[in-house]
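Take a look at the structure below.
2 protein chains.
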Amino acid sequence: MNNITLAIKDIRKVLEDKISTSKATCDVYGENETYFDHMPPDAVAYPETTVEVSQIVKICAKHDCPIIPWGVGTSLEGHSLAPRGGVTIDLSRMNQVLEIKSEDLLAIVQPGLAREKLNEELRATGLFFPVDPGANASIGGMAATRASGTTAVRYGTMRENVLALEVVLADGSVIRTGSQAKKSSAGYDLTKLFVGSEGTLGIITELTISLKGKPEAVAAGVCEFTSVKAAVNAVISAIQLGIPMARIELIDEVSIRAINAYSKLNYPEKPHLFMEFHGSDIGVKDQSGTMEEIIEEFGGGPFRWSMRPEDQTKLWAARHQAYYATKTLFPGKQGMSTDVCVPISELAKAITDTQHDLEKFNVIGAIIGHVGDGNFHTLMFSDPNDPEDLELNQMIADRMAKRALEVGGTITGEHGIGMGKIKHMAREHGDAMSLMVNLKRSFDPKNIMNPGKMLNIN
Amino acid sequence: MNNITLAIKDIRKVLEDKISTSKATCDVYGENETYFDHMPPDAVAYPETTVEVSQIVKICAKHDCPIIPWGVGTSLEGHSLAPRGGVTIDLSRMNQVLEIKSEDLLAIVQPGLAREKLNEELRATGLFFPVDPGANASIGGMAATRASGTTAVRYGTMRENVLALEVVLADGSVIRTGSQAKKSSAGYDLTKLFVGSEGTLGIITELTISLKGKPEAVAAGVCEFTSVKAAVNAVISAIQLGIPMARIELIDEVSIRAINAYSKLNYPEKPHLFMEFHGSDIGVKDQSGTMEEIIEEFGGGPFRWSMRPEDQTKLWAARHQAYYATKTLFPGKQGMSTDVCVPISELAKAITDTQHDLEKFNVIGAIIGHVGDGNFHTLMFSDPNDPEDLELNQMIADRMAKRALEVGGTITGEHGIGMGKIKHMAREHGDAMSLMVNLKRSFDPKNIMNPGKMLNIN
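Printed below as a string of structure tokens:
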């Protein structure tokens, strides 16, 4: 028997029927939301406790068996695939809210808990978890990829909203990082090291996350512009004035067309900003009033406000469905979502350069962006049976990444590296790459923790 | 010649007169702001470039010579002392603002730049650097200790405000971490790992930091309360309501007495909150109005507003001088500032427990706190010639730290570990301690980077 088979056999002794090697099951976990090949694991384990996760990891460490943590599988960079086989650890049975400490604005949750479920459970408290990547991802997966999304401009990313972790390390030992204090200067910031580590340093088994009070007032609205550039310049102006926007999203013409078709809406086919303001009644009026002035200055308008909660929900649902909406415009094709983030002064140029590339290479791409953070995505589509088609998308994605680096940006604002962006890591990090590799080696000397992701370890 | 002497000889070959071994000089760098013994280095080097820092570190690595980075020397936990001798690297000649990117709300600065100097240089831009630990510390030192202070409740700590770093590692190699993008999911968060690492993993030689737009309106004010508990409960209420306070400081009776004497003021000798609100004219009125209602609810008042900038400056100068003001009440004695941070629901109890300890053990202590973050300090004083006096202060500090941990808090909110709190690290971090030790060993196998700080490495 090979090492993986031996590991599975030993895990079965401990977990009994909470591990499956059926082809149908493994195939499900070998799928992905985007353009990567099918890469199934050899088995899928369903631990229900930290102790069980630790047992699995100890066995895999003994047998040098790859471990792939799994939340919901919404990654766009192949994080949850099994390129070297091994055991996928599906954490969906560890999906409880363990404690809500309303007075301290925090909750302790398990990693398999989905984001929407968390907010449902918080409903009665008047609090909410602010990070919103669109997809109904698991909180553990969001932490592992340092996810963010539409509200990061106001509330920060997972980096800012994870206070403490329980982590199972590569030898199966269990540690706790961080505390319930809002800030600390006590030692190395291990919490921030595990956030964004994509399962390559350890498996997150518990998270302490910060919550926010639901704002007294919410105003949402959309506004069209004659060009992407004008829309972005309005955003830059608002950021520099310090307007505390809760959401500020750019949706280009192609995305508007997709959203209109998918969500049965009829926005004019022009670049739009989708916005939301949170605060007191007076605060929201003040913010949105200033924003209207800025928008007018940049030739945008008219402003269409959604003041009723149900209309706001509809507006953001339409935005969140943009990826799937755009996909339906291209039946049978596979999608790719790029994800760069640049200093905001470079944003208009980064987007228009991308638009020029799309035109030049005759590729249809939809651009949406968390523009308040300088972060945007291009959704592109390719025929799964035509490798050249995918290569063309790849080329455009690569050019975006390179241009982002040239202006001091990053190759990924929120999707992570996974398998898709390893090739750009050295370009972004230079000599710091060897430090990352050493770090990985010191945490996971056998390279069993999500191998083949984020870094190439020889 | 011993290893340190050999290192100094080699450094002199490269830096010529930019290294001093004079006893008078070394004695200055062996001093500290608080109760630690005199621990001078064997030499002090004054590099002017990253290349020179790298050269020094390479030589020290060759000779196993301890390296102690030095900013301004305002640490309260002995970070800049030389318990094992070696070479102190004074970074004060690397004190330039290298670039201000106003549109992107960021600046690139050298580590020896002092905080007040930075804000002077920013004056014409309409921007400011928000982190304010009180002392006129160096930006590099602030990053190294993960400093924060009065404004962290609104603008975050150094953790949130450092975007990118240049660091000289223990072998003298130079790396860059982070980028100018507001967020990134590209690999391990090395920036956050070096922030707060107290010079034990590398020497920070350049920082990219985030700036904020100066608010359109600022309102500051003070308000007395009948008890610390009432004041803290008012703060908890304000935090839960989401009032975006820019500063919210608790000053107890003893501190008020000291401030009155030192700054020639006449506040009533009662616990006070010192507050500041930033925003638009309307926003500030809205926030401060809500705050007045809360304060009334908790029996506080009257509110004394300082609306003129010069009065606001005077108010915060008085607050910032609290440490020195309290010290002058105890001529000839040495001060100790404790620093714990707890979940905010535990704050009132943490402070009143501390007050009970002070009474019970008959120690005079002044309590001040960044109460919006759950962070507070007790300033205590001891006769430098009476070891029992210092032990008594230590005991009270230790009891504060232990109680903070019991309620999910941390042993230091912002001062760091240095030499003073190593003994509590294992209690806070448990099994994660061995991970921190491994991390330190993998970054600095010879233990030459600020040895004897933060961790005990055998």
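Chains as they are written, first to last, in the working numbering: chain Y, 574 to 1031; chain E, 574 to 1031. Cβ atoms here follow ideal geometry from the backbone N, Cα and C, with glycine treated the same way.
Task: Distance CB(E/A759)-CB(Y/T723) smaller than 8 Å - done: no
Task: Alpha carbon of E/L774 to alpha carbon of E/G714, nearest angstrom - done: The alpha-carbon atoms of E/L774 and E/G714 are separated by roughly 14 Å.
Open item on the list: With a threshold of 8 Å between beta carbons, is E/Q753 in contact with chain Y?
Closed with: For E/Q753, the answer is yes, since a Cβ of chain Y falls inside 8 Å of its Cβ.
Task: Range covered by the beta strand (DSSP E) that runs through Y/L963 - done: Counting along the chain, Y/L963 sits inside no beta strand (DSSP E); it lies in the alpha helix (DSSP H) bounded by residues 960-979.
- [ ] Select from E/I1021, E/N1011, E/S711, E/N1031 the residue whose C-alpha is nearest the C-alpha of Y/L763.
- [x] E/N1011
TODO: Determine the chain Y residues that contact E/Q967 at a beta-carbon separation under 7 Å, and present them in chain order.
DONE: Those within 7 Å of E/Q967 in chain Y number zero; the least Cβ separation is about 18 Å.
Task: Bridge partner(s) assigned by DSSP for E/E739 - done: E/R749, E/E779
Open item on the list: Please classify Y/F871 as buried or exposed, where buried requires at least 16 neighbouring CB atoms within 10 angstroms.
Closed with: buried
TODO: Flag Y/L763 as yes if its beta-carbon sits less than 8 Å from any beta-carbon of chain E, otherwise no.
DONE: yes
Task: Completely contained beta strand (DSSP E) runs for the stretch 887-950 of chain Y, where each covers 3 or more residues - done: 907-910, 938-943
Open item on the list: Given 7 Å as the limit, tell me if Y/S918 has its C-beta closer than that to any heavy atom belonging to the ligand FMN.
Closed with: The ligand FMN is not part of this structure, which contains no ligands at all.
TODO: Rounded to whole angstroms, what's the CA-CA distance from Y/D705 to Y/A687? Just pull it up for me.
DONE: Rounded to the nearest angstrom, the two C-alpha atoms are 11 Å apart.
Task: Contact with chain Y by E/T927, beta-carbon distance below 8 Å - done: no
Task: Member of E/L965, E/C914, E/M1022 whose CA lies at the smallest distance from the CA of E/A634 - done: E/M1022
TODO: Find the residues of chain Y that neighbour E/I592, judging by a C-beta separation of less than 7 Å, and give them in chain order.
DONE: Within 7 Å Cβ-Cβ: nothing; E/I592 doesn't reach chain Y, min ~27 Å.
TODO: May I ask you to report which of helix, strand or coil DSSP gives Y/C796?
DONE: strand
Task: Check whether Y/I629 and Y/I577 have beta carbons under 8 Å apart - done: No, these two residues do not count as a Cβ contact at 8 Å.
Task: E/L952 vs E/G938 beta-carbon contact at 8 Å - done: Against a cut-off of 8 Å, the Cβ pair of E/G938 and E/L952 comes out as a contact.
TODO: Given a cut-off of 8 Å, decide if Y/C796 and Y/G873 are closer than it, judged by their beta-carbon atoms.
DONE: Yes, the pair counts as a contact, with Cβ atoms nearer than the cut-off.
Open item on the list: Can you pull the chain Y neighbours of E/S757, defined as C-beta to C-beta under 7 Å?
Closed with: Within chain Y, the residues near E/S757 are C914, T983, T985, G986.
Task: Residues that Y/S770 contacts on chain E, provided the C-beta gap is smaller than 8 Å - done: Y761
Task: Contact with chain E by Y/K802, beta-carbon distance below 8 Å - done: Cβ-Cβ to chain E under 8 Å: no for Y/K802.
TODO: Report the three-state DSSP secondary structure of E/H611 (helix, strand or coil).
DONE: coil
Open item on the list: Using 8 Å as the cut-off, can you tell me whether the stretch 839-847 of chain E makes contact with the stretch 821-829 of chain E, which would need three or more C-beta pairs spanning the two stretches below that distance?
Closed with: These segments touch.
Task: Short Cβ contact (8 Å threshold) for E/I1030 with Y/A1005 - done: no
- [ ] Would you mind reading off the limits of the alpha helix (DSSP H) that contains E/V808?
- [x] 801-813
Task: Short CB-CB distance (under 8 Å) between E/D859 and chain Y - done: yes
Task: Residues of its chain near Y/A793, where Cβ-Cβ distance is below 6 Å and the 5 sequence neighbours each way are ignored - done: E849, S879, Q885, L888
TODO: With DSSP as the reference, label Y/G659 as helix, strand or coil.
DONE: coil
- [ ] Using the Cα positions of Y/A804 and E/S770, report the straight-line distance between them to the nearest angstrom.
- [x] 41 Å
Open item on the list: Can you confirm whether the stretch 976-983 of chain E touches the stretch 976-996 of chain Y when touching is taken to mean that 3 or more C-beta pairs between the two stretches lie within less than 8 Å?
Closed with: no
Task: Cβ shell of E/Y728 (< 8 Å), same chain only, five flanking positions each side left out - done: P703, V704, N734, K785, A819
Task: Minimum C-alpha distance to E/I855 - residue among Y/N839, Y/H893, Y/D959, Y/I816 - done: Y/I816
- [ ] Flag this pair as yes or no: are the beta carbons of Y/V617 and Y/I592 separated by less than 8 Å?
- [x] yes
- [ ] Give me the Cβ distance between E/A580 and E/C638, rounded to the nearest whole Å; I'm assuming they're in contact under 8 Å.
- [x] Contact flag correct, Cβ pair sits at about 4 Å.
Open item on the list: Please list the terminal residues of the continuous beta strand (DSSP E) segment that includes Y/E650.
Closed with: First-last for Y/E650: undefined, no H or E at that position.
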